[in-house]
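Participant: Mind looking over this structure? Questions follow.
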Amino acid sequence: GVDGLIKVTPSMLRLHNKRDDAWSAFSGKVYNITAYLPYHPGGEKELMRVAGRDGSKLFALTHSWVNLDYMLDGCMVGFLVPES
Ligand code: HEM
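Using UniProt numbering, read the sequence shown as starting at 153 and increasing by one per residue.
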């Protein structure tokens, strides 16, 4: 829930770049995409390209029409913040 949201720095994000522990940031929001990987219509391999990093640009290039906020609402971890 909202109460559990955390601030995530790029270096924290980078730690979650594994198939069984994958986070990605889109438009300033960080999501745990692990559970969604097998369901991505574009395949796991494509989605894993953004694991551990900011996927905003790649997402916008591939399918800006997809409402990611709505789809991944329950997987939100927190907000991407600058390195402290
Ligand atoms: C297709 C969701 C990230 C590559 C799709 C579709 C959805 C989706 C719903 C079907 C779209 C349609 O048919 O109109 C998501 C979500 C993402 C994500 C929620 C983030 C968590 C990415 C990334 C890439 C990517 C980062 C590329 C590196 C693709 C490709 C397709 C696709 C190539 C087309 C598959 C096909 O039609 O054969 N994705 N996507 N996606 N996605 Fe993603």
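Ideal Cβ placement from N, Cα and C applies to all residues, glycine included.
Based on DSSP bridge pairs, tell me the residues matched to Leu-189.
Facilitator: Note: Leu-189 sits in no beta bridge, so no partner.
Participant: Please classify Gly-207 as buried or exposed, where buried requires at least 16 neighbouring CB atoms within 10 angstroms.
Facilitator: So Gly-207 ends up on the buried side.
Participant: In the DSSP assignment, what are the bridge partners of Asp-169?
Facilitator: Here the sequence assigns Asn to residue 169, which means Asp is not the residue at that position. The partner list for Asn-169 (beta bridge, DSSP) reads Ala-174.
Participant: Using a Cβ-Cβ cut-off of 8 Å (strictly less than) and excluding sequence neighbours within five positions of Arg-205, which residues of its own chain qualify?
Facilitator: Counting only Cβ-Cβ distances below 8 Å, and skipping sequence neighbours, we find Pro-162, Leu-165, Arg-166, Asn-169, Ser-176 and Ala-177.
Participant: So, for residue 280: in the same chain, excluding its five sequence neighbours on each side, which residues have a beta-carbon less than 8 Å away from its beta-carbon?
Facilitator: The requested residue 280 does not occur in the structure, where the chain is confined to residues 153 to 236.
Participant: For Ile-158, count neighbouring Cβ atoms within 10 angstroms of its own Cβ and tell me buried if that reaches 16, exposed if not.
Facilitator: Ile-158 comes out exposed.
Participant: Determine the extent of the beta strand (DSSP E) in which Leu-232 is found, giving its start and end residues.
Facilitator: Residues 228-232.
Participant: Using 8 Å for Cβ pairs, my map puts Lys-181 next to Met-223. What's the rounded Cβ distance?
Facilitator: About 12 Å; that fails the 8 Å criterion.
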